[in-house]
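Everything below concerns the one structure shown next.
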Amino acid sequence: MLQESTKNNKQRNEAARRANEEEVVYHQWATFRVNQELYGIDVMQVKEVLRYVEITPVPGADYSVLGIINVRGNVVTVIDTRRLFHMSDVPYDDDTRIIVVELNDKEVIGLVVDSVDEVINLPANRVDRAPNLSGDESAKRFVQGVCYHNNILIILLDLTKMLLSITPMTDEDMGY
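Using this note's numbering, you'd call the opening residue of the sequence shown number 1 and step up by one each time.
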């Protein structure tokens with residue numbers, strides 16, 4: 001009788017463990033590097049990844065806005081993540097990429113990054129809230145959370161908040 005009760009308890013515990021595992025929500029992140037740090041953005045916001053191409057500067061744009069590019073007939077504003085994060089500029093190389101992202105199903109932006117890594121699945125319960133970061137206050141607003149993946153810290157970014165921090169150009173800036 002005791003053996004049967006122990007067996008039933010083990011079965012219930014195993015079933016509960018499986019149910020908990022099934023309830024874990026996974027989220028996909030596209031990862032990239034800037035200044036040797038690993039960052040992640042929601043993969044659902046990524047439209048495509050391009051090799052670095054020449055960018056047409058826009059006079060009067062915010063410092064982090066490099067200019068515009070043409071992507072299959074669409075004009076895309078390109079932002080340098082190094083400048084946005086207040087990091088020093090480096091020459092672009094063969095690893096430099098432009099990640100084309102879409103915000104709120106309407107606004108398309110290109111992000112220049114040092115390199116693109118991979119798409120990873122992270123369980124939501126492994127993502128920690130953004131720590132109290134020292135330094136640039138504006139960068140803190142961008143951080144959605146942090147997570148370790150394969151013993152590497154990944155800083156997960158909130159693209160919407162990140163791009164809202166850029167000073168928009170007015171008609172006056174555009175010369176209208």
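Here a beta-carbon is modelled for each residue, glycine too, at the ideal position from N, C-alpha and C.
Considering only C-alpha positions, which residue in the set R33, E23, Y39 is nearest to D158?
Counting from 1 along the sequence shown, the entry for residue 158 is found at position 158. When each option's Cα is compared against that of D158, the closest is Y39.
Notebook entry, point to check: Skipping 5 residues on each side, what residues in its chain have a beta carbon closer than 8 Å to that of V43?
Noted result: Counting from one through the sequence shown, the residue named residue 43 turns up at place 43. For V43, the CB contacts under 8 Å within the same chain, skipping 5 residues up- and downstream, are Q28, W29, A30, V119 in chain order.
Practice task
Look at the alpha carbon of V100 and the alpha carbon of G60, and state the distance between them as a whole number of angstroms.
Solution key: Here residue 100 refers to the residue found at position 100 of the sequence shown. Here residue 60 refers to the residue found at position 60 of the sequence shown. Computed Cα separation, rounded: 22 Å.
Determine which residues share a DSSP beta bridge with R33 and list them. Position 33 of the sequence shown holds residue 33. According to DSSP, which records beta bridges pairwise, R33 is partnered with L38, S115.
CB-CB length for V25 against A124, believed under 8 Å:
Counting from one through the sequence shown, the residue named residue 25 turns up at place 25. Counting from one through the sequence shown, the residue named residue 124 turns up at place 124. Their Cβ separation, rounded to whole angstroms, is 4 Å, which keeps V25 and A124 in contact under 8 Å.
Could you have a look at K106 and say whether DSSP puts it in helix, strand or coil?
Mapped onto the sequence shown, residue 106 falls at position 106. K106 falls in the coil class under three-state DSSP.
Does DSSP classify I55 as helix, strand or coil? One-based indexing of the sequence shown puts residue 55 at position 55. Collapsing the DSSP output to three states places I55 in coil.
| request: From the DSSP output, read off the bridge partner residues of E48. | output: Reading the sequence shown from its first residue, position 48 is the one you call residue 48. Beta-bridge pairing links E48 to V100.
Proximity of V34 and V116 at Cβ, strictly below 7 Å: For the purposes of this step, residue 34 is taken as residue 34 along the sequence shown, with counting starting at 1. For the purposes of this step, residue 116 is taken as residue 116 along the sequence shown, with counting starting at 1. Cβ distance not < 7 Å, so V34 and V116 don't count as in contact.
Determine the DSSP secondary structure at N125, reduced to helix, strand or coil.
Translated into the one-based positions of the sequence shown, residue 125 becomes position 125. Helix at N125.
### Message
Please state whether the Cβ-Cβ distance between C147 and L111 is less than 7 Å.
### Response
Translated into the one-based positions of the sequence shown, residue 147 becomes position 147. Translated into the one-based positions of the sequence shown, residue 111 becomes position 111. Cβ distance not < 7 Å, so C147 and L111 don't count as in contact.
TODO: With a threshold of 16 other CB atoms inside 10 Å of the CB of T81, please say whether the residue is buried or exposed.
DONE: Residue numbering aside, residue 81 sits at position 81 when the sequence shown is read from its first letter. Buried, because 16 or more other Cβ atoms sit within 10 Å of the Cβ of T81.
Q: Kindly identify the DSSP beta-bridge partner or partners of D80.
A: Position 80 of the sequence shown holds residue 80. DSSP, once it has assigned bridges, lists V112 as partnering D80.
_Just verifying my parser: in three-state terms, what is the DSSP assignment at V43?_
For the purposes of this step, residue 43 is taken as residue 43 along the sequence shown, with counting starting at 1. In this structure, V43 counts as helix in the three-state DSSP scheme.
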